[in-house]
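Heads up: the sequence shown is residues 0 to 116, going by numbering that gives the first Met the number 0.
By construction, the Cβ of each residue, glycine as well, lies at the ideal position given by its N, Cα and C atoms.
Keep in mind the model is a prediction, meaning the values are calculated, not measured.
What follows is a single structure, written as structure tokens, with notes after it.
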Amino acid sequence: MECPKCFWLQKINGIHRPQQIFALQSNFDRILKPYFDKFRKEGKLPPELNGKVEGKLFEDQELLEKWRNALRPTLKYKHPRREGFFLAGGLDDCLFDGRYYIPVDFKTTGSSSFEEN
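Written out as structure tokens, the structure is:
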């Protein structure tokens, strides 16, 4: 159901409600995931991460593909003391440092400047 103002603007003035802009994020993911997968097959980190993070790209591509599915998440966390509290979702990639799994989430920004940390 549209809000009354959006409904009125669309029906009277032909002004449609702005749509969410997921296209940029989707395209960004569609480019970066295969890019990271290429380095995974070579057993290397992408140059953007090399020397900047600990660990290596998670090696199990088949399992990673399941983890990437945000619509049918296989990654779930149940809080040990809060009944009914769950976190679930997909991730873009994963690093593994021999002890810990480190989730990677690709982000975009509208800013034209980039500051390295």
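query, result
"Please say whether phenylalanine 105 and leucine 31 have beta carbons closer to each other than 8 Å?", "yes"
"At a Cβ threshold of 8 Å, is lysine 32 touching chain D?", "Considering every chain present, this structure includes no chain D. It has just one protein chain."
"Would you tell me roughly how many angstroms separate the C-alpha atoms of aspartate 28 and glutamate 41, rounded to the nearest one?", "20 Å"
"If you drop the 5 nearest sequence neighbours on each side, which residues of the same chain put their C-beta closer than 7 Å to that of leucine 90?", "Trp66, Arg67, Leu74, Pro102, Val103, Asp104"
"Which of helix, strand or coil does DSSP assign to cysteine 93?", "strand"
"Look at leucine 56 and phenylalanine 85 and say whether their C-beta atoms are less than 8 Å apart.", "no"
"Bridge partners for glycine 76 per DSSP, in chain order?", "Looking at the sequence provided, one finds tyrosine at residue 76 rather than glycine. DSSP output for tyrosine 76 lists Leu86 as bridge partner(s)."
"Taking the alpha-carbon of glutamate 58 as reference, which of Lys43, Ala69, Val52, Asn49 has the nearest alpha-carbon?", "Lys43"
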